[in-house]
Amino acid sequence: MDQVRLRSLLAIAEHGSFGRAAAALGLAQPSLSRQIALLEQEVGRPLLYRHGRGARLTADGQRLTEVARPLLAALANLTATLDDPVPRGQVVLGVPTFMSVHLAQSVFGELRQRYPQLHIRLVDGFSGFIHQWLIEGRLDVAILYDSRRSRTIMAEVLAEEDLLLFAHRSRASDLGGAGPEQEPVPLSTMARLGLILPDRQHGLRRTLHRAGAHPDPSQLLEVDSLTAIRALVEQGVGWSVLPRAALTREAASRRYILRRLGAPPLRVRLMLAVSPARGMTPALRAVMAHLHATVARLREQAIMSPMTPG
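Using full-length UniProt numbering, the first residue of the sequence shown is number 1, and each one after it goes up by one.
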């Protein structure tokens, strides 16, 4: 199957129209249309719905792009896996939103200075989105919650983080008899709190569910935006749960309550994951080594939680 035709389909899927895709690829629009027609003829079925505002993938088109994207990325990196020891080229790194603020400076400062031919593109989001983008081949390497691993990706342990229940102090009475602030809050307490959490597809919710923490659906607000969750908590709307590294600002302010959860306290493992379709290039190795070193520094600075002994 011709790579040019597959890349043409991926470009239309990304840009949503033939015109924008043709401009991005540096092709004339009739030439792009011809590539898609040949690809549809080859597979024997339509891959795109054309409409007045552009084009979108059919179900068959979606399946084809999901398979083609990582394969084309692997082919693009093929020469780099042979004998060039210098980290070079682009690596797309996906991280949970709470981690991006801690990683951006070192990735675009220290790592870029060490390897000037290495270009990093940093993408952040909730873990469910990061996981999906990695599976689709849009990312080269990603940091995921342990609960988001699957047989389609390769992962290694990067960090362990305490999960903390937090709210504005105006909500202190919600906890009732949950004990002094230095003691963890029982997981059962979450069933009677007004909680603000991401959707169930994301690693944080999956971790809470596996631990037996079940929010009351009638009080739960599902919000897939860390900025919005922080704003709602600050306004006293309800409680939320985030890893310790996400709460450095709140921990420094007396306006917030931060409590550990469960006995023993609930923790989540963060994994460094790559797609098996990616070749392990010098560039990928350099980025992964840098992430391990940066997280170790964050632990030393008490920004991230210490690893469990053993």
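Glycine included, C-beta positions come from ideal geometry on N, C-alpha and C.
Taking 3 residues as the shortest admissible run, the segment 146 to 175 contains the following complete beta strand (DSSP E) segments, listed from N- to C-terminal end: 154 to 168. Taking C-beta atoms under 8 angstroms as the contact rule, Phe-98 and Pro-198 fail to qualify, at a distance of about 11 angstroms. Put simply, the backbone Cα of Ala-251 is about 7 angstroms away from that of Leu-258. The beta-carbon distance between Asp-162 and Ala-191, rounded to whole angstroms, is 21 angstroms. This is too long to meet the 8 angstroms contact definition.
Between the alpha carbons of Thr-308 and Trp-133 lies a distance of about 30 angstroms.
Per DSSP, Met-307 lies in no beta strand (DSSP E) segment and is marked neither H nor E. Beta-bridge analysis with DSSP links Arg-200 to no other residue. Annotation for Val-92: no alpha helix (DSSP H) segment contains it, though the beta strand (DSSP E) segment containing it runs 89 to 96. The Cβ-Cβ distance between Gln-35 and Ser-8 falls below 8 angstroms.
Going by beta carbons, Leu-10 and Thr-58 fall outside the 8 angstroms limit. Rounded to the nearest whole angstrom, the C-alpha separation of Leu-270 and Asp-124 is 14 angstroms. If you check the CB distance, Ser-100 and Leu-118 do not come in under 8 angstroms. If you look at Val-295, you'll find it in the alpha helix (DSSP H) that goes 282 to 300. Checking the DSSP bridge columns, you'll see Val-241 partnered with Leu-165. In the DSSP assignment, Leu-118 falls within the beta strand (DSSP E) that extends over 118 to 125. Assignment of Val-86 by DSSP, reduced to helix, strand and coil, places it in the coil class.
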